[in-house]
Every structure is written in C-alpha cells, then in structure tokens.
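The structure under discussion appears below in the form of structure tokens.
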Amino acid sequence: MLTWLFEPGFFSNSEVQMALGIGSAVALVSAVVGVLTVLRGQSFAGHALTESAATGGSGLLLAGVNPFLGFVAGAVAGAGAVELIGVHDPRRRDLATGIVLGLSIGLASLFLYLETTVSATTGATQQILFGSIFAVTSSTIPVVAGFGAGALTIVAALYRPLVLSSVSGDLAAAKGVRIRLVGLGQMLALALAVGLSSIAIGAILSTALLIGPAAAALRFTRRLSLVMIWSAAIGVGTTSLGILLAYYSADWSGGNGLPVSFFIVALVFVVYTGSGLAGRRERSGSRTARPPATVQEAAALPGTPAAAGTLAAGPRTSGRRRQGR
Amino acid sequence: MTSGRPAASAGAGPLPSGSPLLELDGVSTVLAGRVVLDEVSFSVGAGELVGLIGTNGAGKTTLLRTILGLQRPASGRIRLAGVPVGAPRLVGPNRKVPVGYVPQKVLLDPDLPLRARDLVELGADGERLGPRLPSAARHDLVDELLDAVGAAAFADFRVGRLSGGEQQRVLIAHALAGRPQLLLLDEPLANLDLRSGQEVVDLLHRLGVERRIAVLLSSHDINQLLPVMDRVVYLAGGRAVAGSTDEVIRSDVLTRLYGHHVDVLRVHGRVIVVASPDAVLDHDEPGEVAAPAPSRAGS
Ligand SMILES: Nc1ncnc2c1ncn2[C@@H]1O[C@H](COP(=O)(O)OP(=O)(O)O)[C@@H](O)[C@H]1O
Ligand SMILES: [Mg+2]
C-alpha cells in the first residue's frame, strides 16, 4: 500500500532501518505491557513514570552520557518511589503517584535548563521530551533487547496472577496469589516499557504508545489473548508508519522533517477513534452471535421449570449492554 | 461434633479419618480496634454443608475471610485437615487443602475482556506462573463446571456484563475449578430470586453428596438452607454457637447468644427468630417473614 512512497534503496538506508527496528521492538513491549496497565487501571502511574524517565534521561544527558539508559533507570526509580510511598491504600497510592510525577517534572526541567544554558546543547529538550529515534546507534540495540526481553518475561511469568488480581483482588488472594508482589512485578515491567518507549518517541509521549494501542485493542475484542495481539499489531503498525511518514515529511516540508512522535501519536489517536466504531459494531453484533439457548444447556440442574427460569434471565438486551457501570 | 451425614471417606484427599476438615478453635478477629469475632469455635467435616447464619454486621464476611487467611486472627487457631492455616507463601496457594471462595461482592468491570469461561479457567490455574499451555482436560473441566452451575448458556459472554445471579453461578464455577475440598460462599443467595436460590442450594447440596466437597455458606436467612444443612453456625455480635439446627435454633440457646430474650417460632416448616417484644432480628426481606411486626413485614 505504501510502495509508491518508497524510493529505490529505501530500506537499505541504515538510519531508517535502525529506527524501524528499534521502534518496532519498543512499540511491541509497550503495547503488551500497556494491555495489563489499562486492565489494572494504572494509566496514571504509567504517566508519572514517563516523567521519571524524562528526569533520568535528562540527568544522564547533563552528565554527558547516552540518555537511553537514563530513561529506563529513571522510570524504574520512579516506580520504586511510588511503591515506597504508596503502600496499600489506593488513595494514598494515587497521591504518591502525583507527588512522584511533580518531583520528576521539576527535576527534568532543572536538568534540561542546565543542559541548554550551561552546556549550550541545542536540541536537548527535543531529544529528551520528544525522542530522537533517527539518532539511535547500534550501541542502543543491547539496551533495548535486554530491557525489552526483561519486561516481556515479567509479563509472561506473571500473566495469570496479574489478570486474576485485576479482575478481583479477593479472588486472587483466596487462591494464594501474593497481590502486592505481583503488582510490584507489573510496576517493574511498566517502568521498563516506559523507559524504552521514551527512546522512540520521547518521555512525554511514551504514555501514548503505552495506553493507546491497548485501549484501542480492548474495544475490538472481548478475548484477552486477542487483545494482546491486536495491541501489539497496532503499536508496531503505528510506530513503523509514523517513522516512515516522519522520514518522508522532510521531502514534503522542505528541509527538516517533522517529529516522529507527532506522527505516531496522531496515528494512535486515529486508530483509537476508529476502534470506537468497530467496537460499537462488535457490541451490537455479539447479540446475534449469542449461542442459541436450549433447555439442554441448563438441564444440568434438576427441575426443568427452574432451568427455563435460568434462560429467561439469560438473554442480554442491547440496552443493558450499553449501560456500562 | 460431626452430626448429620456419616463422615465416610469417599475420595477427596489425604484426610486423617475422624479429624474434621476445618477446625476453628477460639478464633478472635479485631478490625480497627473492634472485636468483630469473639472466640469462635466450630468444625466442618468432609462433605458437610454448614450454614453460617447471622444478621447484617454479625461478622459472617469477616469469619470467612479469616478462614481464608485474608484476615489475620488476633488469637485462636484455624486448622485445615489438621494443618494450621499459615502465612502466605511467595507464590502459589498457602494451603495443602484447596479452598474455593465466592466473595459476597465482586465488582466486575463491564468492559473486562474476559468471557465467563475465561474466569472459570482462571479458577483452575489463575495462581500459576508462566504462560498457559492449551489443555483439553482443562477445557473439558471448564465446560463441565459451566454446565453444572447452569452457566453454559452465557459461557461466551463478557463476564462483567452478566446479571448478578448469572455472575454468581460463574463465580461458583470459578471456585470449583480449583478442585476444592472446602467451598466458602458469602451470601450466595442474597442476589437471587427464590427459584434461582433454590437451584444454587440444590447444587451445593449435590456437591457434598456427590463430590464430598464441604460447603460453608453464609446467609442472613436460614429457611432456604433448612432442608439441606447438616449443621449451623449462628453468629451474633461476633460470638457463635454451632450444632445441628435442632440444637442451635432454640429460644434458650439464641437468648444466651444475643444476651436478651429471643423467641423461635416454627410456622409451616419455617423458622422465625424474633426478639421479644419489639424487633425482628433476622430478616429484612419483606414477605419472607410472618413476624409480629406488621409495619416491617409490610414494607
Ligand atoms: N475493615 C473493617 N474495619 C473495621 N470494621 C469492619 C471492617 N470490616 C467489617 N467491619 C465491621 O465488622 C462487623 C462485621 O462485618 P461483616 O463481617 O462484614 O458482617 P456480615 O458479613 O455478617 O454482614 C461490622 O460491624 C462491620 O462494620
Ligand atoms: Mg457480609
């Protein structure tokens, strides 16, 4: 579909190849971790961690080191701080998240101020906040591969306890799930994902890559495994397309290209909005997709009148489905 | 005191014969400085169906959560198959005897991307680490359980969008999927109309008879349970008396428990507990009780 866009030799351009490779890997991790983040209602925590990532990135940049490691370190430190202050109570946890978020922004602005005034580095703010995917070098590959694999391993290991405890803490605890420990693992995976996507689209916008694909995917399907696949596809798709568009925007805009992060975030938004329409179709469609109710299905319980009662209580109406909570 | 059904050793697990499956000995639980459970002692044998009866606020939920280990008792001992219920382990269940739990209230997000059958499946292996491998046996188990609780018709629906009574069935199947020897249910009949309630009671009764699963369920109404209950644990003000219904549901026993005079009336095979002269103690459902309090009963 995009072939008309490509000049001959496009994909042998190593700058673009590197950007596509790193971008896809980062988007994949973000999209998968994002599903659990949305499921557990942790978008706010995710946002706070992006600011911590900005702090880490700008701090390392100021120290004259590659900021990529700083993104990840900052996000992990932010997650640790939230966990330390937040304890059990959800309301205190929310406050703790807000406090960590505020402090992170303050520190990041200080570091960036010093970087631009004292060290006179141009583009520091741009690089930290909005990303620099065309500037990544091959030395970044091990960082992305290592932390990405780490985040995916955590998600794979904790998948079932995580899902169960986000359905209901009581149900999970009754089955012996250590909810707090599992939550800690999820926060670590979240921090890794946020740190990594900061590399691609910058700290500020990494929430979009975390939440957007997952939120859109959740509107497509009611099966969690499919949500994961959709989310990954949307994340990788929008990121790759965004990178290509940004690369070509140099031609259209004459001179400097437009930022990658803009294109990615805009594409995610388009997909999310579009998924609302698809989701509505899924919702009304599932009414007709309902398996035909037979008396046999409820016959496991003694007493046919009772079974009939079960079925009478059964069918959903579209009105009820839309009620929400 | 294991009255009711003889404690035959038909299957389920490494129970030393004679010792009860669940044993509480002087269990007290303190919440926010208040003694909510006060020296509660009783036992449940394998395959028994025991009703935990008490008004709102009597401590039923707290008692079930204490048995599960979700709430640490201030004193007393809880044993499952002779083994003290210990501190939670790092991963996996903290007890040798699998226990199923159906909480009183589970708020399920209507947009949760899980079908009813997915929640039941999580009952089979939701505590395990690592990716889940496909398993025909697990799939069959889930189907069988959905069938058994009468939830097959809505197995593929988003579980958060089912009605309260439908969710109740799915949650019972979820609890059964862990192959428990003990099932704890918190007010499973509260959300159900009489007929659905009767179906659930029958189902729980059959679990005891056919699979030797012990059931401890709480209810603020004793009457639906009377025909199937092996024994009753009556809670009031955090204190408990346990025994057969004939031993417990008596004016003198409940008067001692409540600390003021209580009458027990039996009308058309139903039990009505009334505090004389001014309060109906154990019912808030209009039409359920023919009690000498016309203004309440009519409301
Ligand atoms: N977390 C808590 N902190 C303080 N008091 C509580 C808490 N949970 C329950 N209680 C109190 O303990 C008593 C018993 O509650 P509960 O076990 O829920 O009763 P029931 O389930 O029988 O209605 C009530 O008076 C309730 O107010
Ligand atoms: Mg209760």
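Protein sequences appear in the order of chains V and A.
In terms of the working numbering, the first sequence opens at residue 99 and continues consecutively.
In terms of the working numbering, the second sequence opens at residue 829 and continues consecutively.
Beta carbons are placed, not taken as given, at the ideal position from N, Cα and C, and that holds for glycine.
Kindly say whether residue 1038(A), judged by its beta-carbon, lies nearer than 8 Å to any beta-carbon of chain V. Numbered from 1 along the second sequence, position 210 holds the residue referred to as residue 1038(A). No Cβ of chain V is located within less than 8 Å of the beta carbon of residue 1038(A).
Per DSSP, cross-strand counterpart(s) of residue 881(A): Here the question's residue 881(A) lines up with position 53 in the second sequence. The partner list for residue 881(A) (beta bridge, DSSP) reads 1047(A) and 1062(A).
Tell me the DSSP secondary structure of residue 275(V) in three-state form. Numbered from 1 along the first sequence, position 177 holds the residue referred to as residue 275(V). Reduced to three states, the DSSP call for residue 275(V) is coil.
Does the beta carbon of residue 272(V) sit closer than 8 Å to a beta carbon anywhere in chain A? As a first step, residue 272(V) is located in the first sequence; it is residue number 174 there, counting from the start. Output row for residue 272(V): interface = yes.
Is any heavy atom of ligand 2 found at a distance shorter than 7 Å from the C-beta of residue 899(A)? Along the second sequence, read from residue 1 onward, the residue named residue 899(A) stands at position 71. No, the beta carbon of residue 899(A) sits no closer than 7 Å to any heavy atom of ligand 2.
When you check each C-beta in the region 938 to 968 of chain A against every C-beta of chain V, which residues fall closer than 8 Å? 938, 939, 940, 941, 942, 943, 946, 947, 950, 951, 953, 954, 955, 956, 957, 958, 959 and 960
Since residue 127(V) meets chain A, which of its residues come closer than 8 Å, beta carbon to beta carbon? Within the first sequence, residue 127(V) is the residue found at index 29, counting from 1. Correct list: empty, because the minimum Cβ distance to chain A is about 16 Å.
Could you check how far apart the C-beta atoms of residue 316(V) and residue 939(A) are, in whole angstroms? I think they sit under 8 Å. Numbered from its first residue, the first sequence carries residue 316(V) at position 218. Numbered from its first residue, the second sequence carries residue 939(A) at position 111. Their Cβ separation, rounded to whole angstroms, is 7 Å, which keeps residue 316(V) and residue 939(A) in contact under 8 Å.
What does a CB cutoff of less than 7 Å around residue 339(V) pick up in its chain, not counting 5 residues either side in sequence? Residue mapping note: residue 339(V) aligns to position 241 of the first sequence, counting from 1. Answer for residue 339(V): 365, listed in chain order.
What residues in the region 188 to 205 of chain V have a beta carbon less than 8 Å from any beta carbon of chain A? none
Quick one: does residue 1029(A) have its CB under 8 Å from some CB of chain V? Sequence index remark: in the second sequence, residue 1029(A) carries index 201 (1-based). Chain V, which has no Cβ nearer than 8 Å to the Cβ of residue 1029(A), makes this no.
Residue-chain proximity (residue 891(A), chain V), Cβ-Cβ < 8 Å: For the purposes of this step, residue 891(A) is taken as residue 63 along the second sequence, with counting starting at 1. It does not; no Cβ of chain V falls within 8 Å.
Should the region 359 to 373 of chain V be regarded as contacting the region 322 to 338 of chain V, the criterion being three or more beta carbon pairs within less than 8 Å? yes
For the region 1010 to 1021 of chain A and the region 964 to 978 of chain A, state whether three or more C-beta atom pairs, one from each stretch, are separated by less than 8 Å. no
Just checking my contact of residue 1099(A) with residue 1041(A) at CB under 8 Å: how many whole Å lie between their CB atoms? For the purposes of this step, residue 1099(A) is identified with residue 271 of the second sequence, where counting begins at 1. For the purposes of this step, residue 1041(A) is identified with residue 213 of the second sequence, where counting begins at 1. Contact doesn't hold; Cβ gap of about 26 Å is too wide.
How long is the line joining the alpha carbons of residue 121(V) and residue 231(V), rounded to whole angstroms? The residue given as residue 121(V) occupies position 23 in the first sequence. The residue given as residue 231(V) occupies position 133 in the first sequence. So the two alpha carbons sit approximately 7 Å from each other.
Measuring only the C-alpha atoms, how far is residue 900(A) from residue 858(A)? Locating residue 900(A) in the second sequence gives position 72, where the first residue counts as 1. Locating residue 858(A) in the second sequence gives position 30, where the first residue counts as 1. Each residue's Cα considered, the two are about 9 Å apart.
Any beta-carbon of chain V closer than 8 Å to the one on residue 908(A)? In the second sequence, residue 908(A) corresponds to position 80, counting from 1. It does not: the Cβ of residue 908(A) has no partner Cβ on chain V nearer than 8 Å.
In three-state DSSP terms, what is residue 894(A)? One-based indexing of the second sequence puts residue 894(A) at position 66. Three-state result, residue 894(A): helix.
Using a Cβ cut-off of 9 Å, which residues of the region 1062 to 1083 of chain A contact any Cβ in chain V, in chain order? none
Please confirm whether residue 146(V) and residue 216(V) have their CB atoms less than 8 Å apart. Working through the first sequence from its first residue, we reach residue 146(V) at position 48. Working through the first sequence from its first residue, we reach residue 216(V) at position 118. Cβ atoms of residue 146(V) and residue 216(V): not closer than 8 Å.
Taking 6 Å as the limit, name every residue whose beta carbon sits nearer than that to some heavy atom of ligand 1, in sequence order. 859(A), 860(A), 862(A), 864(A), 882(A), 884(A), 885(A), 886(A), 887(A), 888(A), 889(A) and 890(A)
So is residue 268(V) in contact with chain A if we call contact Cβ pairs under 8 Å? Taking the first residue of the first sequence as position 1, residue 268(V) is located at position 170. Output row for residue 268(V): interface = yes.
Contained alpha helix (DSSP H) runs [length at least 4] in the region 287 to 321 of chain V, N- to C-terminal order: 304 to 318
Applying the 10 Å Cβ sphere with the 16-neighbour rule, what's the burial state of residue 375(V)? As a first step, residue 375(V) is located in the first sequence; it is residue number 277 there, counting from the start. Exposed: under 16 other Cβ atoms inside 10 Å.
From the DSSP output, in three-state form, read off residue 955(A) for me. Taking the second sequence and counting its residues from 1, one reaches residue 955(A) at position 127. Correct three-state label for residue 955(A): coil.
Is the shortest distance between the beta-carbon of residue 896(A) and the beta-carbons of chain V less than 8 Å? Locating residue 896(A) in the second sequence gives position 68, where the first residue counts as 1. With 8 Å as the cut-off, residue 896(A) counts as an interface residue toward chain V.
Residues that residue 929(A) bridges to, as DSSP identifies them: For this step, residue 929(A) is matched to residue 101 along the second sequence. Bridge partners of residue 929(A) according to DSSP: 1012(A).
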